[in-house]
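Working notes for the structure below.
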Amino acid sequence: MLLEYSHLSNNHSLLLFLCICYGYLVVFIHSITVAHQLRIDILPPISSKKDKTLWIGGMFPQTGEWAGGEAAFPAAIKALDQINQREDILPGYYLNLSAYDTRCSPGLGTTILYELLYNKTFGRVNSSILMLLGPACSPVSTAVGEAAKMWNLIVLSYGSSSPALSNRARFRTFFRTHPPATLHNPTRIKFFDLFGWKRIAILIQTEEVWQSTAEHLETLARKHNVHIAVRQLFDNDPSHAISNLKKDDIRIIVGLFYEEKARKVFCKAYQQNYFGESYVWWLIGWYADNWFLKAHDVECTPEEMSRAVEGHFTTEIQMLTDATRRTVSGLTAQEFITDLNTTLKQLFPSKPVESVGGYVEAPLAYDATWALALALNRSLERTNLEEWTYGNVDMKNLMMDDMKQTDFFGVSGAVKFDEFGNRMSKVVVEQLRNGVYHRLARFDAERGSIEWLGGEESDGSRCWNYKYNYSSSNCHKKKH
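Shown next, in the form of structure tokens:
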């Protein structure tokens with residue numbers, strides 16, 4: 001009887017195991033089908049006289065939590081078109097792109113990675129992808145970047161800022177033209193010191209990118225005698241967190257959250273009367289300029305939201321260079337933006353170009369495409385790229401070395417990578433006044449210096465009234 005029961009139990013276990021495997025197989029096949037449906041057609045058509053083709057993969061979110069691929073994809077296609085017209089870059093080879101919409105979903109991103117690696121679509125019958133352009137969203141980059149090393153695949157992201165991606169042990173083949181979010185923290189600390197602010201709160205959305213940024217800020221704050229008095233986390237509803245900040249009478253708040261959550265935060269702040277000149281908020285600067293007016297997903301009117309957000313500061317890396325010199329492509333930064341605006345107006349006629357997803361990051365996608373092509377061009381001088389396979393460690397190491405040598409002037413400024421694959425950049429500080437963002441200063445973390453924009457330069461004293469205007473009493477004029 002015992003043997004009979006055990007046999008029956010084993011049969012049940014086997015049946016259960018087979019059912020679970022079947023379920024996973026169905027989900028996986030469905031995911032592959034969805035990934036294939038999310039393929040992005042290349043627009044506009046690329047013209048080239050080159051007779052051989054090299055392939056790269058691409059991940060550009062068109063939907064989901066952040067549709068950053070809306071503007072980044074046309075920018076990358078523009079770069080590819082220019083690269084393919086150059087006879088001195090990848091001579092004889094046409095660089096093509098297999099691109100997909102990840103929806104900012106890590107699960108879908110890994111499915112798309114498999115699709116790119118093994119399903120020869122887009123006429124890619126006998127070709128493996130040489131590198132991956134993207135992903136854009138940090139959670140997707142975390143999943144894809146950690147997996148990609150198993151296939152010796154180099155990943156170059158144009159929009160991911162998670163500090164965790166700097167971990168070379170986990171992300172051995174990961175590079176990015178978007179600097180890590182921790183680059184903002186020295187700027188924040190510099191201004192806290194400048195204004196004499198010593199008691200700070202951090203309001204954090206429960207996402208890895210924000211939590212690791214907060215941990216770095218706390219470490220930096222301790223070194224500069226800035227007290228992080230309160231550290232509040234929230235997932236979807238920030239009501240309780242706002243109540244705690246108000247109860248503790250915190251006046252200087254660093255907000256670390258995505259744009260959608262920012263609207264919820266400031267609507268709740270308005271409802272709890274936690275706004276106005278007595279409070280100073282520091283936010284991420286890559287939200288759309290009119291982010292607070294998109295009040296369809298909150299209980300506040302646009303007018304109420306405008307009152308709640310008035311006066312806040314933002315920090316953001318310099319996405320578009322101020323320089324008028326010609327870049328690696330032959331265009332100036334302004335010529336690039338003019339051309340991009342024309343394309344986006346055609347693709348999104350019902351949207352202001354500034355509201356197109358990823359508009360601010362588009363220069364980073366453009367420069368990432370150039371960085372990738374130039375690295376492959378260096379590799380072509382030393383090896384036959386047509387012999388690339390995912391098991392070729394020697395060729396991967398060669399391409400890694402060539403990526404590390406990146407050093408050119410692009411539309412986002414100087415492009416080069418540090419030992420962790422990170423792009424370094426200056427940080428721009430802006431303030432919202434009367435519903436319009438005004439650029440105040442540019443901070444160079446390497447030098448520790450502030451360049452005041454608008455005709456004044458700091459001499460190191462507290463020379464700026466954070467509420468509204470420059471104060472010239474402790475600053476000296478500088479002609480530019």
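full-length UniProt numbering numbers the first residue of the sequence shown as 1 and each following residue consecutively. Heads up, the beta-carbon is just placed ideally off N, CA and C, and yes, glycines get one too. On a predicted model such as this, the values are computed, not experimentally measured, just so you know.
Annotation: GLY410 to THR315 spans about 21 Å, alpha carbon to alpha carbon.
Excluding residues up to 5 positions away in sequence, SER161, ILE317, ASN422, ARG423, MET424 and SER425 lie with their Cβ nearer than 8 Å to the Cβ of PRO179 in the same chain. Per the C-alpha coordinates, the member of LYS268, GLY107, GLY92 and ASP88 positioned closest to ARG307 is LYS268. HIS178 has no beta-bridge partner at all, per DSSP. Just measuring C-alpha positions, the residue of GLY107, ASP444 and ASN84 sitting nearest LEU97 is ASN84.
Buried is the label assigned to ASN377, since at least 16 other Cβ atoms lie within 10 Å of its Cβ. For MET319, the three-state secondary structure derived from DSSP is coil. When secondary structure is reduced to three states using DSSP, ASP88 falls in the coil class, being assigned neither helix nor strand. With three or more CB-CB distances shorter than 8 Å, the stretch 400 to 414 counts as touching the stretch 328 to 341.
If you draw a straight line from the Cα of HIS312 to the Cα of ALA99, it comes to about 37 Å. In chain order, LYS50, LYS52 and LEU54 place their CB closer than 6 Å to the CB of TYR93, counting only its own chain and leaving out the 5 sequence neighbours on each side. In the three-state DSSP reduction, ALA201 falls in the strand class (E or B). Counting along the chain, VAL309 sits inside the alpha helix (DSSP H) bounded by residues 302 to 309. Relative to VAL436, the option among GLY107, ILE252 and ASN290 whose CA is nearest is ASN290.
The three-state reading of DSSP puts ALA229 in strand, counting E and B together. Nearest to ALA76 by C-alpha distance, out of LEU372, TRP286 and ARG442, is LEU372. Between the stretch 239 to 253 and the stretch 212 to 219 there are fewer than three inter-stretch CB-CB distances shorter than 8 Å, so the stretches are not counted as touching. Membership of VAL415 in the beta strand (DSSP E) is indicated by the continuous run 413 to 415. Considering only ASN152, SER105 and ALA147, the residue with the shortest C-alpha distance to TYR390 is ASN152. Proximity to PRO238 across VAL226, GLN272, PHE420 and ILE252 peaks at GLN272, based on C-alpha coordinates. Under the Cβ criterion (8 Å, minimum of three pairs), the stretch 289 to 304 does not count as touching the stretch 139 to 157. Here LEU165 is near ARG176, since their CB atoms are less than 8 Å apart. Each of ALA221, GLY109, THR110 and GLY64 was checked against the Cα of ASN185, and the nearest Cα belongs to ALA221. In the DSSP assignment, LEU453 falls outside any beta strand (DSSP E), carrying neither H nor E. Look at ASP339 here: in three-state DSSP terms it is helix. Contact annotation, LEU133 with ILE56: C-beta distance approximately 6 Å; criterion of less than 8 Å satisfied. For the options LEU293, GLY69 and PHE60, the alpha carbon positioned closest to that of VAL356 is the one of GLY69.
By the neighbour-count criterion, in which 16 or more other beta carbons inside 10 Å mark a residue as buried, ASP88 falls on the exposed side.
The Cβ atoms of GLY285 and ALA72 lie no closer than 8 Å to each other. Going by DSSP, ARG326 is part of no alpha helix (DSSP H) at all; its letter is neither H nor E. Minimum Cα-Cα distance from VAL280 among the listed residues MET319, TYR258, LEU203 and ASN236 corresponds to LEU203. Residues ILE200 and VAL226 of the same chain have their beta carbon placed closer than 7 Å to that of PHE192, with the five preceding and five following residues left out of the count.
For TRP370, the closest C-alpha among the options THR63, LEU95 and GLY64 is that of LEU95. If the five residues before and after LEU432 are omitted, its C-beta is found closer than 7 Å to the C-beta atoms of VAL309, GLU310, GLY311 and HIS312, all from its own chain and listed in chain order. In the DSSP annotation of this structure, SER166 is not part of any beta strand (DSSP E), being labelled neither H nor E. ALA67 and GLU361 have their C-alpha atoms some 11 Å from each other.
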